[in-house]
Every structure is written in C-alpha cells, then in structure tokens.
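>
Residue numbers (the working numbering), protein chains in the order written: chain U, 1 to 307; chain Z, 308 to 687.
(1) Got a sec, what are the start and stop residues for the alpha helix (DSSP H) residue 448/Z sits in?
(2) Can you find a CB in chain Z that lies within less than 9 Å of the CB of residue 268/U?
(3) Taking 9 Å as the threshold (beta carbon to beta carbon), is residue 616/Z in contact with chain U?
(4) Inspect the CB distances between the stretch 552-565 of chain Z and the stretch 493-501 of chain Z and report whether three or more fall short of 8 Å.
(5) Should residue 409/Z go down as buried or exposed, given a rule of 16 or more other Cβ atoms within 10 Å for buried?
(6) Can you say whether residue 667/Z is buried or exposed, counting buried as having 16 or more other CB atoms within 10 angstroms of its CB?
(7) Straight-line CA distance for residue 687/Z to residue 571/Z?
(8) Measure the C-alpha to C-alpha separation of residue 625/Z and residue 631/Z and round it to an integer number of angstroms.
(9) Counting only C-beta atoms, is residue 672/Z closer than 9 Å to chain U at any point?
(10) With a threshold of 9 Å between beta-carbons, can residue 26/U be considered close to chain Z, or not?
(11) Name, going along the chain, the residues of the stretch 260-287 of chain U whose beta-carbon falls closer than 8 Å to a beta-carbon of chain Z.
(12) If you measure from the beta carbon of residue 249/U to each beta carbon in chain Z, is any gap under 9 Å?
(13) Please report the distance separating the alpha-carbon of residue 293/U from that of residue 285/U.
(14) What does residue 248/U pair with, by DSSP beta-bridge criteria?
(15) Starting from residue 138/U, trace the alpha helix (DSSP H) in both directions and tell me its first and last residue.
(16) Which runs of the beta strand (DSSP E) at least 3 residues long sit entirely within the stretch 371-414 of chain Z? Give them in chain order.
(17) Among the residues of its own chain, which have a CB less than 7 Å from the CB of residue 647/Z, if the five just before and after it don't count?
(18) Report the neighbours of residue 144/U on chain Z: residues whose CB is nearer than 8 Å to its CB, in chain order.
(19) So, do the stretch 563-570 of chain Z and the stretch 600-609 of chain Z have three or more beta carbon pairs nearer to each other than 8 Å?
(20) Using the beta-carbon count (16 or more within 10 Å), is residue 472/Z buried or exposed?
(21) With burial defined as no fewer than 16 other Cβ atoms inside 10 Å of the residue's Cβ, what is the status of residue 269/U: buried or exposed?
(22) So residue 151/U contacts chain Z; which residues on that side make the cut at Cβ distance below 7 Å?
(23) Find the residues of chain Z that neighbour residue 133/U, judging by a C-beta separation of less than 7 Å, and give them in chain order.
(24) Against chain U, does residue 377/Z count as a neighbour if the rule is that its beta carbon must be under 9 Å from one of theirs?
(25) Starting from the Cα of residue 100/U, find the closest Cα among 175/U, 277/U, 202/U and 288/U and give me that residue.
(26) DSSP on residue 455/Z, reduced to helix/strand/coil?
(27) What in chain Z is Cβ-close to residue 70/U, meaning under 7 Å?
(28) To the nearest angstrom, how far is the alpha carbon of residue 130/U from that of residue 106/U?
(29) At 8 Å on the CB atoms, spell out the chain U contacts of residue 589/Z, in chain order.
(30) I need the straight-line Cα distance from residue 158/U to residue 55/U, nearest angstrom please.
(31) Mind checking which residues open and close the alpha helix (DSSP H) that includes residue 188/U?
(32) Using a C-beta to C-beta distance shorter than 8 Å, which residues of chain U count as neighbours of residue 380/Z?
(33) If the criterion is Cβ atoms closer than 9 Å, does the pair residue 397/Z and residue 427/Z meet it?
(34) I need the DSSP call for residue 77/U, collapsed to helix, strand or coil.
(35) So residue 528/Z and residue 18/U are in contact, right, with Cβ under 8 Å, and what is the actual spacing, rounded?
(36) Do you know how far the Cα of residue 372/Z is from the Cα of residue 474/Z?
In structure tokens form, the structure reads like this:
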C-alpha cells in the first residue's frame with residue numbers, strides 16, 4: 001500500500017510539470033502585464049520594476065528561474081499584493097478555505113448519504129420522489145443564485161444570521177457559506193447514494209446477510225452502505241479538491257478572505273506568480289485527493305488491492 | 308392457412324404491412340410519453356419565444372433609462388403612484404426655479420399653482436415634460452405680469468411588471484433581453500463545442516494508434532488544467548467581446564464531447580459497413596462524414612442538451628464575475644449579480660432573473676434526461 005502511494009506520487013510529478021509549464025507560458029502570452037495601470041508608469045520606473053522582478057530577461061530564462069525557485073519551495077513575491085509573498089497569501093487564506101470546504105464536505109457526506117439511503121429504501125414512493133426532486137433543485141440552481149437568496153431570506157428578512165463577512169471566524173458567519181457550498185454536493189451525493197444503494201440492496205451478500213437474520217439497520221448501515229458509498233467516494237475526490245481550494249463565488253458574495261478569489265483576481269491582474277501559485281496548489285490538491293480516493297477504495301472494497 | 312403463415316413474415320420484412328420505426332421515431336414517441344420532458348420543453352419554448360419576441364413587443368427599450376423610476380418595486384398597477392407625484396413635482400419645479408404654491412390631482416392630470424419673482428417664461432413647461440412622470444404640460448391661466456401661473460400636466464402611465472433596476476431601466480424587458488443573450492450564447496457555444504469535439508473525437512478514434520495517443524494525451528493535459536483558469540485566460544485573450552465570448556466557452560467545453568465521440572468511433576469503425584466502405588475505396592474523409600459521425604449522434608445529442616445549461620451557467624458565472632457581457636447589454640448572470648448587490652433594498656432585481664435562469668436550467672436538464680432515457684436501447 002505504501003509503495004503504491006509512493007509510486008502514485010512519483011508519477012504525478014510529470015503531470016505537475018506539464019501543468020506548470022503550460023500555465024506559465026499561457027499566462028505570459030496573454031496581453032498586458034502586472035504593472036500596466038490605467039495611467040502608464042514612467043519609463044524609468046517601469047524599467048526598474050521589470051528588473052527587480054526579473055521580467056526583463058528572456059521568457060525561457062524566466063521560466064528556468066521560476067522552476068528552480070519552485071523546486072526549492074519558493075513561490076515568489078506577489079506582483080499585485082506588494083510586500084506579500086505568494087506563500088504568505090496562501091498561509092493566510094488557505095486555512096479559512098479549507099475550514100469552510102471541509103465542513104461543507106462533511107455536511108454533504110452526512111446529509112447526502114442519509115437522504116440517499118432513505119430514498120433508496122422507499123424506492124418509487126413519495127419520500128423517494130421528494131428527495132430526488134430536492135436533489136434536482138440542488139444540482140440545477142447555481143450557487144450564485146442560492147447564496148444571495150439565502151442571504152435575502154435568512155439574513156435580511158429574518159435577521160437570524162449575518163449577511164456576510166468573516167467576523168474572525170465566528171460560527172454564525174460560517175453557516176451561510178458552508179450551506180451554500182454544501183447544497184449542490186448534498187444533492188449529488190444523495191443521487192449517487194440512492195442509485196448505488198438500490199443496486200447494492202439486490203446483491204447476493206445482502207441477501208445472505210438478511211438470510212442470516214441480521215437486523216435491518218445492520219444490513220443497511222453496515223453491509224449495504226459500505227458498498228454503496230464507493231461511487232460517492234470516487235465523486236468526492238475531485239469535489240473535495242475543488243471545495244478545499246475555495247470558491248470564487250461564495251467568497252465574493254459573503255466577503256470571505258479565502259484563496260478562491262485569488263484565482264480570478266490574479267489572472268485579471270496578471271499577477272504571474274500568484275496565478276502560478278494557485279494553479280500549483282489546485283493541481284496538488286487534485287492529485288492528492290485522487291490518491292486518497294484510491295486508497296479509500298481499497299479500504300471500502302476488499303476486492304481492490306494495490307500490491 | 309399454412310400458406311398465410313408463411314407469407315406473413317415475408318410481407319412484414321418487405322415493410323408492406325408493418326412499417327418499422329427508426330431509432331429517432333421511436334425515441335420521439337418515448338420522449339413524448341415522458342411528462343417531465345414535455346412540460347420542460349413547453350416551458351423552454353415559452354421562455355425562448357418570450358426572449359426573442361418580448362423585447363420588440365415591450366413598451367420600454369431594454370436600455371431606456373427612467374430617472375424618475377429608479378428601483379421601483381414590481382407592480383401590476385402602473386406608475387406613478389400617488390406618493391410619487393409631489394416629490395417629482397417639487398423637484399421639476401425647483402429645477403425650473405419656480406415656487407409651488409399648491410397642487411391637486413384631478414383624474415389623470417395634476418393642476419398646480421406656481422409663482423416666481425420674475426415673469427415666467429412659457430417654455431418652463433419643458434422642465435416638467437422632461438421628467439418621466441409628466442407629459443403634455445400646459446399653462447391654464449396666468450396673472451398680468453406672468454409671475455404666477457396655474458399649470459396642468461398629464462400623468463404618464465408606465466408599467467413595470469418586474470420593477471426597475473438601479474439605473475431605472477425596465478427589468479422585464481431587460482430580463483427578456485438577457486434571455487436572448489444567454490440562450491444565444493448557450494446555443495452558439497454548444498455548437499462550437501460540438502463542431503470541435505465531434506471532429507476531434509471522430510478523427511482521433513478512427514485513425515487510432517499513434518494519432519489517437521497523441522490527440523488524447525492533449526485532451527488529458529487540457530483536462531488537468533484548472534478549468535476556470537483556462538476560461539479566464541481565454542476571456543483575457545479575446546477581450547470582453549460578445550462574439551468571442553462564446554467561442555472561448557465553446558473552445559473549453561469540447562473536451563468531454565471529444566471523449567464521448569472517440570469512444571463511440573472506436574466501436575463503430577469495427578462495424579461491417581465501415582469495412583465495406585473501406586473495401587470499396589472510400590477515403591477516410593468520406594467514411595468519417597457518411598458513416599462514423601452520423602452514427603455517434605445519439606449520445607452526442609444527449610450530451611448537447613446537457614451542455615447548453617452548462618454553458619449558460621458558465622456564461623452567467625463569468626458575467627457574475629464581471630468578465631462576461633458588458634453594459635448596456637445584459638445576460639441573466641449580469642442581472643443576478645446586480646440583484647445580489649442590491650439585495651437589501653430591491654430583492655425583485657434578484658428574484659425575477661433567478662426564476663428565469665433556474666427554470667431554463669431545469670427544463671434543459673429534464674429534456675436531456677428524457678432524451679437519454681428515450682435513446683437508451685436497454686431501457687424499454
């Protein structure tokens with residue numbers, strides 16, 4: 001198992017390399033630069049800035065400098081947020097995004113799988129249709145509609161929760177963003193769980209378990225759920241990577257100082273190092289969570305082995 | 308009797324007695340039996356028609372600004388309402404440097420007395436006509452040196468069924484106009500994705516071998532690039548241009564399509580009819596056009612109906628971030644983001660565009676699901 005994980009991590013290096021290289025050149029080809037303001041800087045000032053940030057060298061040389069820095073763990077200074085390094089920005093924002101994303105993920109897993117199991121056990125009855133209709137709504141309604149609507153109802157009309165802001169991590173400020181992040185995931189998890197649960201409940205090992213006289217909740221909760229969660233786990237891998245690295249929409253609407261907004265901002269500001277930093281962080285998360293998913297698979301499904 | 312039973316299957320095979328149903332005719336019948344899909348198709352048709360025809364029929368232009376009606380709530384009764392008259396009157400008269408002594412409402416006309424230190428010019432009535440609320444202002448009577456006058460002005464009835472936005476533009480017309488833009492982008496981007504995806508996938512699958520390997524590796528690499536990054540980069544590249552916008556979106560969304568078509572092509576190219584065409588010396592281009600692409604259409608059509616809502620969503624998302632359609636043009640994403648900003652004072656600005664967007668997304672998803680069920684040969 002350990003050697004498998006190591007091999008997987010090693011094989012991710014070329015992928016990462018290609019992604020970094022491609023993004024590096026793509027963002028450089030885009031017109032405009034980090035210091036192009038509406039009122040152009042003086043030529044001398046510009047020249048000095050370019051020299052300090054080593055933007056005056058040929059592109060391939062900059063690429064090698066950047067790669068060398070990345071290999072030694074240095075993501076460079078941010079061009080837009082002066083006095084901050086890219087690592088600083090992530091050190092501040094990433095814990096917040098991870099906190100929200102992880103809570104949303106947990107919520108989605110618990111609520112979604114519970115709903116899915118209930119729907120599967122009451123297949124083609126009122127409860128089933130109700131859950132599936134709600135799930136369809138959850139998937140279709142985009143989060144930039146859900147977020148303002150939730151704010152409108154819960155924060156403005158009812159006044160139960162603050163409408164936005166981080167409030168130094170107060171619980172009340174986290175509820176709306178977490179719910180907004182979790183809703184579509186709840187819906188997907190519920191659908192996946194229902195579908196695979198229906199299939200699993202017809203499997204031989206479940207029939208055997210019932211024949212052995214095990215109580216219903218043990219059959220469903222232990223034997224069936226374990227197999228039924230396999231598709232959910234493989235879905236949650238990439239979803240977790242996306243959730244933990246922050247959502248632009250949720251962070252913008254609720255005014256949360258996470259890392260999700262850096263992605264859009266930095267690309268627009270041509271903050272080259274920050275763009276690259278975000279790309280690398282997201283790619284690393286995706287690779288890591290795909291690995292975690294595969295390892296989890298082996299835990300849940302005894303037929304899967306990595307020897 | 309024996310003879311009859313012998314000829315019957317023969318006749319049937321000739322198609323004389325029982326004409327066979329094609330895949331598409333069959334799918335069409337089954338789609339029509341799917342209630343959710345039919346209702347969705349109907350809803351989509353209504354929204355599409357309203358979006359195409361509505362802005363022409365509407366009494367307001369989508370970019371017409373009514374300064375007197377900024378952020379008025381949705382209402383079936385026309386504006387101005389009773390409370391709006393006095394402030395509007397005072398404001399218009401102050402601009403004309405007149406003092407209002409008294410005013411009263413009689414039917415659809417307001418009568419008011421004004422005074423001034425200097426003689427009042429006849430043309431001051433224009434100050435009132437300039438406000439959106441009044442029209443046809445007339446001087447009823449005046450004293451000898453024209454320092455006091457009685458004037459009357461007609462009230463101009465305006466209907467804002469969805470209210471107005473923060474610039475005082477009719478939200479109904481804007482929502483319909485936005486629908487036009489969003490649906491157009493959805494369809495065109497899907498078409499671009501279809502064109503690239505089907506060609507790429509069919510070529511990759513049909514030629515196979517090293518070509519396939521290289522082409523699919525490229526798709527894999529593009530896949531692993533963070534998606535938003537790619538879109539933003541394209542938008543940055545092409546500028547904030549309406550036409551290039553959907554090309555950019557379509558150019559990102561073709562990856563799935565290429566994979567689906569490639570998978571289909573791999574199995575189709577082993578079919579006898581393709582081998583027969585090859586044996587007859589049809590060139591690759593002809594085989595792709597005549598035999599491969601038409602036979603991949605089933606899954607492609609299903610994926611297409613699901614791609615349209617995805618593209619609309621993506622466009623709304625970009626517009627929400629301020630990267631999409633630019634003012635005064637508008638799309639549902641733009642309207643929703645404006646609504647989200649004005650949520651405190653003007654919730655209707657969020658609610659109406661949201662209803663339109665979600666209904667469209669719903670409808671398209673149901674149609675896509677219905678089509679998939681209808682085209683699935685296993686599910687009969």
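Yeah, the Cβ is synthetic: ideal placement off N, Cα and C, and Gly gets one too.
In short:
(1) Stepping through the second chain from its first residue, residue 448/Z is reached at position 141. Here residue 448/Z belongs to no alpha helix (DSSP H); instead the beta strand (DSSP E) covers 441-449.
(2) In the first chain, counting from the first residue as 1, residue 268/U sits at position 268. Judged by the 9 Å Cβ criterion, residue 268/U is in contact with chain Z.
(3) In the second chain, the residue the question calls residue 616/Z occupies position 309. Yes, because at least one Cβ of chain U sits closer than 9 Å to the Cβ of residue 616/Z.
(4) yes
(5) Residue 409/Z sits at position 102 when you count from the first residue of the second chain. Its Cβ having fewer than 16 others within 10 Å, residue 409/Z is exposed.
(6) On the second chain, position 360 is the one that residue 667/Z refers to. By the 10 Å Cβ count, residue 667/Z comes out buried.
(7) As a first step, residue 687/Z must be located in the second chain, where it is residue number 380. As a first step, residue 571/Z must be located in the second chain, where it is residue number 264. Any reading at residue 687/Z is ruled out, since the residue's pLDDT is 47, under 50, leaving its predicted position unreliable.
(8) Within the second chain, numbered from 1, the residue matching residue 625/Z stands at position 318. Within the second chain, numbered from 1, the residue matching residue 631/Z stands at position 324. One C-alpha to the other measures close to 5 Å.
(9) Counted from its first residue, the second chain places residue 672/Z at position 365. Interface residue, yes.
(10) Counting from one through the first chain, the residue named residue 26/U turns up at place 26. It does: the Cβ of residue 26/U has a partner Cβ on chain Z nearer than 9 Å.
(11) 263, 264, 267, 268, 275, 278, 279, 282, 283 and 286
(12) Within the first chain, numbered from 1, the residue matching residue 249/U stands at position 249. For residue 249/U, the answer is yes, since a Cβ of chain Z falls inside 9 Å of its Cβ.
(13) For the purposes of this step, residue 293/U is taken as the residue at position 293 of the first chain. For the purposes of this step, residue 285/U is taken as the residue at position 285 of the first chain. About 12 Å.
(14) Within the first chain, the letter at position 248 stands for residue 248/U. Note: residue 248/U sits in no beta bridge, so no partner.
(15) Against the first chain, residue 138/U aligns to sequence position 138. It spans 126-140 - the alpha helix (DSSP H) in which residue 138/U sits, taken as one unbroken run.
(16) 406-413
(17) Counted from its first residue, the second chain places residue 647/Z at position 340. Only 657 meet the Cβ criterion.
(18) Counting from 1 along the first chain, the entry for residue 144/U is found at position 144. Those are 623, 624, 627, 640, 643, 644 and 647, listed as they occur along chain Z.
(19) yes
(20) Mapped onto the second chain, residue 472/Z falls at position 165. Buried, because 16 or more other Cβ atoms sit within 10 Å of the Cβ of residue 472/Z.
(21) Translated into positions along the first chain, residue 269/U becomes position 269. Answer is buried; the Cβ neighbour count reaches 16.
(22) Here the question's residue 151/U lines up with position 151 in the first chain. Under the 7 Å cutoff, chain Z gives 650.
(23) Residue numbering aside, residue 133/U sits at position 133 when the first chain is read from its first letter. Neighbours of residue 133/U on chain Z: none; closest Cβ ~10 Å, over 7 Å.
(24) Counting from 1 along the second chain, the entry for residue 377/Z is found at position 70. Taking Cβ atoms only, chain U never reaches closer than 9 Å to residue 377/Z, which makes this a no.
(25) Walking along the first chain from the start, residue 100/U turns up at place 100. Answer by Cα proximity: 175/U.
(26) For this step, residue 455/Z is matched to residue 148 along the second chain. Three-state DSSP puts residue 455/Z in a strand.
(27) Position 70 of the first chain, counted from the start, is the residue given in the question as residue 70/U. Going along chain Z, no residue has its Cβ under 7 Å from residue 70/U, so there is no contact; the nearest lies around 17 Å.
(28) On the first chain, residue 130/U is found 130 positions in, with the first residue counted as 1. On the first chain, residue 106/U is found 106 positions in, with the first residue counted as 1. For residue 130/U and residue 106/U, the distance between alpha carbons rounds to 23 Å.
(29) Start at 1 with the first residue of the second chain, and residue 589/Z comes out as number 282. What residue 589/Z touches in chain U: nothing, since even the nearest Cβ is about 38 Å away.
(30) Along the first chain, one-based indexing puts residue 158/U at 158. Along the first chain, one-based indexing puts residue 55/U at 55. Looking at the two C-alpha atoms, the distance is approximately 53 Å.
(31) What you label residue 188/U is simply residue 188 of the first chain in a count that begins at 1. Counting along the chain, the alpha helix (DSSP H) containing residue 188/U begins and ends at 171-201.
(32) Locating residue 380/Z in the second chain gives position 73, where the first residue counts as 1. Under the 8 Å cutoff, chain U gives no residues; its nearest Cβ is about 14 Å from residue 380/Z.
(33) For the purposes of this step, residue 397/Z is taken as residue 90 along the second chain, with counting starting at 1. For the purposes of this step, residue 427/Z is taken as residue 120 along the second chain, with counting starting at 1. No, the Cβ-Cβ distance between residue 397/Z and residue 427/Z is not below 9 Å.
(34) Position 77 of the first chain, counted from the start, is the residue given in the question as residue 77/U. If DSSP states are grouped into helix, strand and coil, residue 77/U belongs with the strands.
(35) Against the second chain, residue 528/Z aligns to sequence position 221. Against the first chain, residue 18/U aligns to sequence position 18. Yes, residue 528/Z and residue 18/U are in contact; Cβ-Cβ is about 6 Å, under 8 Å.
(36) The residue you call residue 474/Z lines up with position 167 of the second chain. The residue you call residue 372/Z lines up with position 65 of the second chain. Between residue 474/Z and residue 372/Z, the C-alpha separation is close to 6 Å.
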